[in-house]
Amino acid sequence: MGVPAMEAAGTATGRNTRYMMEGVGARVIRGPDWKWGKQDGGEGHVGTVRNFESPEEVVVVWDNGTAANYRCAGAYDLRVLDSAPTGVKHEGTMCDTCRQQPIFGIRWKCAECSNYDLCSVCYHSDKHNPRHRFYRITTIGCERVLLEPRRKSKKIGIRGIFPGARVVRGVDWQWEDQDGGNGRRGKVSEIQDWSAASPRSAAYVIWDNGAKNLYRVGFEGMADLKVVNDAKGGTVYRDHLPLLGEQNPGRSGPHGLAIGDQVSVRIVPWLLLLSSLFFTRRV
């Protein structure tokens with residue numbers, strides 16, 4: 006029996022609303038349907054999800070300061086590079102390389118080993134066996150996606166507000182003249198956590214006037230900084246990153262289960278009755 010239309014619509018709306026709330030602050034790069042030239046600064050350049058105008062449209066502030074609306078349903082202009090700044094986490098998990106516990110952002114679960122997980126930083130840094138296939142798990146309860154081995158996949162460099170970048174104040178600046186005044190420059194020394202619940206959501210800057218402080222780069226969708234000379238942020242497996250806004254991109258097993266997951270089985274009383282009727286031994 007199908008789900009009643011109103012109930013289905015309500016469920017879908019709830020999913021979209023939750024996703025829109027959880028997606029704010031995610032760090033993104035251009036996606037497969039990108040057609041907006043170099044608004045982002047070029048392939049691999051990074052921006053921050055500022056807010057969702059609707060379930061189909063999202064506002065991104067790129068590290069270069071450009072802000073614009075992009076598609077996140079039907080056509081996908083963006084990929085999620087890192088969802089850790091949004092605060093999404095996987096309770097009860099631990100990265101088996103760096104020991105982050107719980108894993109924030111995307112969880113990468115080895116499909117060939119029992120109970121082996123990686124965080125995004127370790128996954129894209131080629132930790133564990135690159136010949137092994139992994140499941141990508143974006144949030145708790147979502148359908149996991151089985152990916153091809155990293156060894157066979159393309160890597161691209163990412164650039165933006167990373168250590169070594171030169172920056173000026175950005176669109177959300179509210180720190181008076183800590184930087185020495187509008188247009189004054191500083192250098193990013195480290196990417197840090199704005200709060201314990203929002204990893205990799207801030208940058209520590211040393212300004213040319215000698216002042217030092219931490220500024221928001223993703224926390225609650227805020228962009229305190231704008232890059233004038235970007236820096237490398239490592240490399241990532243581009244096609245392994247989820248599309249921003251895509252719902253249930255494909256099942257990889259019954260109900261999204263992976264080998265090694267623990268399950269519980271509930272016996273329904275009427276099934277016991279039926280089994281006794283049909284399978285009673287006849288003499």
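Counting with the working numbering, you get residues 6 to 288 for the letters of the sequence shown.
Idealized CB from N, CA, C, for every residue including glycine.
In this chain, the alpha helix (DSSP H) harbouring Y128 covers S125 to H129. Per DSSP, reduced to three states, the secondary structure at E62 is strand.
Distance between A170 and S206, taken at the CA atoms: about 16 Å. Sequence-distant Cβ neighbours of N56 in its own chain, meaning closer than 7 Å and more than five residues away, are V29, V64 and G226.
With a threshold of 16 other beta carbon atoms within 10 Å, I145 falls short and is exposed.
By the Cβ test, the region 209-221 is not in contact with the region 238-256, since fewer than three Cβ pairs between them sit closer than 8 Å. A straight line joining the alpha-carbon of D184 with that of K192 spans about 11 Å. By the CB criterion at 8 Å, S194 and P90 fall outside the cutoff. In this structure, DSSP gives D122 an extended state, which the three-state scheme calls strand. Straight-line measurement puts the Cα of H133 at about 36 Å from the Cα of W41. Rounded to whole angstroms, the Cβ separation of I142 and K114 is 6 Å, and the two are in contact under 8 Å.
Relative to the Cα of R136, the nearest Cα in the group R190, E117 and W67 belongs to E117.
Non-local beta-carbon contacts of G52 in its own chain, meaning distances under 7 Å to residues more than five positions away in sequence, involve V33, D45, V65, V66, W67 and D68 in chain order.
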